[in-house]
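Only one structure is covered here, and it is reproduced in the block below.
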Amino acid sequence: MQVDEEEKLLRFFERSESVKACYPRQSNNNTKLNEKQQPKKPMIPTNVEKTGRRTQSLAFLLVALLAPVAAAQADDFWSFNLISAPVAVNINSPGHESIRMTGAGIFDTGEGIVEASGAYELFNAFDHPNGPIVRGTWHSTGFVSFTDGLLIIEIETHDNGTVGVGTGQLWVTEDGIAGPIYAEEDYRVPADGSGGGALFHSHGNAP
Numbered sequence: 004m005q006v007d008e009e010e011k012l013l014r015f016f017e018r019s020e021s022v023k024a025c026y027p028r029q030s031n032n033n034t035k036l037n038e039k040q041q042p043k044k045p046m047i048p049t050n051v052e053k054t055g056r057r058t059q060s061l062a063f064l065l066v067a068l069l070a071p072v073a074a075a076q077a078d079d080f081w082s083f084n085l086i087s088a089p090v091a092v093n094i095n096s097p098g099h100e101s102i103r104m105t106g107a108g109i110f111d112t113g114e115g116i117v118e119a120s121g122a123y124e125l126f127n128a129f130d131h132p133n134g135p136i137v138r139g140t141w142h143s144t145g146f147v148s149f150t151d152g153l154l155i156i157e158i159e160t161h162d163n164g165t166v167g168v169g170t171g172q173l174w175v176t177e178d179g180i181a182g183p184i185y186a187e188e189d190y191r192v193p194a195d196g197s198g199g200g201a202l203f204h205s206h207g208n209a210p
């Protein structure tokens, strides 16, 4: 079992080295998922004259329709980049505490592995000993899921100038960030938007 885990990690990190150089640069452009990843529907053949020809055409059509879908579902190696430093608000904070984050990472949905890191800033953190503005770094500690454009990962946070670390969970979407990010307190995308978001890029199947 230990050998299998070591081989899994080795494959992941070998692939990750080639992907890191391809991280998308931060941009203020639209944060929608890369439209090139969406499979295009082939044109439906028309004016079929014979039943045999119609059957053959339908067979080819089904293959053409199902092939890109199957390929898209098989993609398991991804990268993501937080762009324009998205903000999330602490929904239980009377002082309107918020967090702003930057960062990037890679993850393998098939193997359940993630490597990601970045920085954060807390604002209006009046109940924090280093507040009301707190800066620090974060890094991933575990992969949870990636479904319908929602990436969920486990993270650790480390305030600058301190020794201890905190644990949390980061939810990443094209619209922004959310989840029990810092000190396991719930953060959500503001009603008027996060000011940023995330870009996801598929890199195909893991080797």
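Okay, so the sequence shown: first residue is 4 according to the numbering used here, each after it adds one. Built from N, CA and C at the ideal position, the CB exists for glycine as well. In this text the structure is predicted, and so the values were computed from the model without any measurement.
Closest by CA to residue i, which one among the options?
{"i": "N163", "options": "T170, E177 and I136", "result": "I136"}
{"i": "G106", "options": "P97, G134, G207 and L173", "result": "L173"}
{"i": "S96", "options": "G115, S205, A186 and V175", "result": "A186"}
{"i": "E177", "options": "P193, A119 and L154", "result": "L154"}
{"i": "W141", "options": "F126, I156 and A122", "result": "A122"}
{"i": "S143", "options": "H204, N133, A119 and E188", "result": "A119"}
{"i": "G167", "options": "V92, N133, H206 and M104", "result": "N133"}
{"i": "I109", "options": "L125, V175 and R103", "result": "V175"}
{"i": "N127", "options": "G152, V92 and R191", "result": "V92"}
{"i": "T165", "options": "M104, N208 and H131", "result": "H131"}
{"i": "H204", "options": "E188, M104, G152 and E114", "result": "G152"}
{"i": "M104", "options": "G207, V192, N208 and H206", "result": "V192"}
DSSP three-state label for residue i, please.
{"i": "S143", "result": "strand"}
{"i": "H204", "result": "strand"}
{"i": "V175", "result": "strand"}
{"i": "T150", "result": "strand"}
{"i": "N93", "result": "strand"}
{"i": "S197", "result": "coil"}
{"i": "A128", "result": "coil"}
With DSSP as the reference, identify every bridge partner of residue i, one or two as the case may be.
{"i": "G169", "result": "T160"}
{"i": "A122", "result": "T105 and T140"}
{"i": "G182", "result": "Y190"}
{"i": "N84", "result": "A107 and L202"}
Kindly give me the distance between the Cβ atoms of residue i and residue j, rounded to whole angstroms, as I take these residues to be in contact under 8 Å.
{"i": "G139", "j": "T160", "result": "6 Å"}
{"i": "G1", "j": "P89", "result": "In the structure as shown, the chain starts at 4 and stops at 210, and residue 1 therefore has no counterpart that could be examined."}
{"i": "F80", "j": "D111", "result": "5 Å"}
{"i": "I116", "j": "L202", "result": "So it is not a contact: roughly 20 Å between Cβ atoms."}
{"i": "S197", "j": "I180", "result": "7 Å"}
{"i": "F129", "j": "G169", "result": "That belief does not hold up - the Cβ atoms of F129 and G169 are roughly 17 Å apart, past 8 Å."}
{"i": "F146", "j": "I158", "result": "Incorrect: roughly 11 Å between the Cβ atoms, too far for contact."}
{"i": "N94", "j": "L125", "result": "It is worth fixing the name first, because residue 94 is Ile in this sequence and not Asn. At roughly 15 Å, the Cβ-Cβ gap does not stay under 8 Å, so I94 and L125 are not in contact."}
If you measure from the beta carbon of residue i to each beta carbon in chain C, is any gap under 9 Å?
{"i": "E124", "result": "This model lacks chain C altogether, as it is built from one protein chain only."}
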